[in-house]
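Chemist:
Residue numbers (my numbering): 6 to 276.
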């Protein structure tokens, strides 16, 4: 069997101190998330999501589409869709979201996410290394799952705006994980991660929606007192999300993540 992993970012890769801090206040978490879909189900799943999007957001398509984009190109970002106001007000949003999760499970897919709870001082935070570490962690966790399933996989990431240098640096890291890492070769990864423009891929748009939810659920999990108003995401979606999420999904504490990375490097040097 082959799987396609569609991944996008959740949270924010930059520094964080608190929700009320004048500068570092965006999000206490960062990670990559989305879904893992059997390759033979991808086409029909994309059609399913497209129809769900058109039905759920028919009013937005008509009234919040200033460039008159066709429905398949028009996007509603997960961060704009899953707001406190929208989730509280629109029952159909809650129902459609749960139907989407159920459909992923029905076709043999999984929601997946991995990332970090940013618990170190802002001056010690390195956004570039955080992203690379999270990308490699994603690849390795999916690789372990596929190894157990005697399967292989490809990763499609939402296109990043940081340019070719960013892409080359991170693809190189994943290539090393495939071929040269003596501690943990990712043998089920078919190719290093590819990038796609989300306005052309319904699957990447779906991954963005899932990240909108994952970001809110994980933020509430690590900082419930700061984000008390986000409790309704936990109430409506946490249990259903857990049912369809790959068991290896989860967040590392930033300090723990750095320690794991250093240990992995020492292990590799000893081999």
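We treat Cβ as the ideally placed atom computed from N, Cα and C, and that holds for glycine.
In terms of residues, what are the limits of the beta strand (DSSP E) holding residue 258?
Modeler: Unbroken beta strand (DSSP E) run through residue 258: 255-258.
Chemist: Can you tell me the Cβ-Cβ gap for residue 246 and residue 209, rounded? I've got them flagged as a contact below 8 angstroms.
Modeler: Wrong, their Cβ atoms sit about 19 angstroms apart, outside the cutoff.
Chemist: Taking the alpha carbon of residue 64 as the reference point, which residue from 79, 153 and 53 has its own alpha carbon closest?
Modeler: The shortest Cα separation from residue 64 among 79, 153 and 53 belongs to 79.
Chemist: Do three or more CB pairs link the segment 111-128 to the segment 15-34 at distances below 8 angstroms?
Modeler: Yes, since at least three Cβ pairs between the segment 111-128 and the segment 15-34 fall closer than 8 angstroms, the two stretches touch.
Chemist: Over what stretch of residues does the beta strand (DSSP E) that includes residue 209 continue unbroken?
Modeler: Where residue 209 is concerned, there is no enclosing beta strand (DSSP E), although the alpha helix (DSSP H) it sits in stretches over 207-227.
Chemist: Just how far apart, CA to CA, sit residue 190 and residue 182?
Modeler: When rounded, the distance between both Cα atoms is 6 angstroms.
Chemist: Going by C-alpha to C-alpha distance, which of 176, 104, 229 and 162 sits closest to residue 56?
Modeler: Cα-wise, what sits closest to residue 56 is 104.
Chemist: Three-state secondary structure (DSSP) at residue 13?
Modeler: Residue state, collapsed to three classes: strand.
Chemist: Taking contact to mean 3 or more Cβ pairs, one atom from each stretch, closer than 8 angstroms, check whether the segment 35-49 and the segment 8-19 are in contact.
Modeler: The segment 35-49 vs the segment 8-19: in contact.
Chemist: When you compare each of 98, 41 and 72 to residue 156 by their alpha carbons, which one comes out closest?
Modeler: Checking every option, the nearest Cα to that of residue 156 belongs to 41.
Chemist: Which residue or residues does DSSP assign as beta-bridge partners of residue 7?
Modeler: 157.
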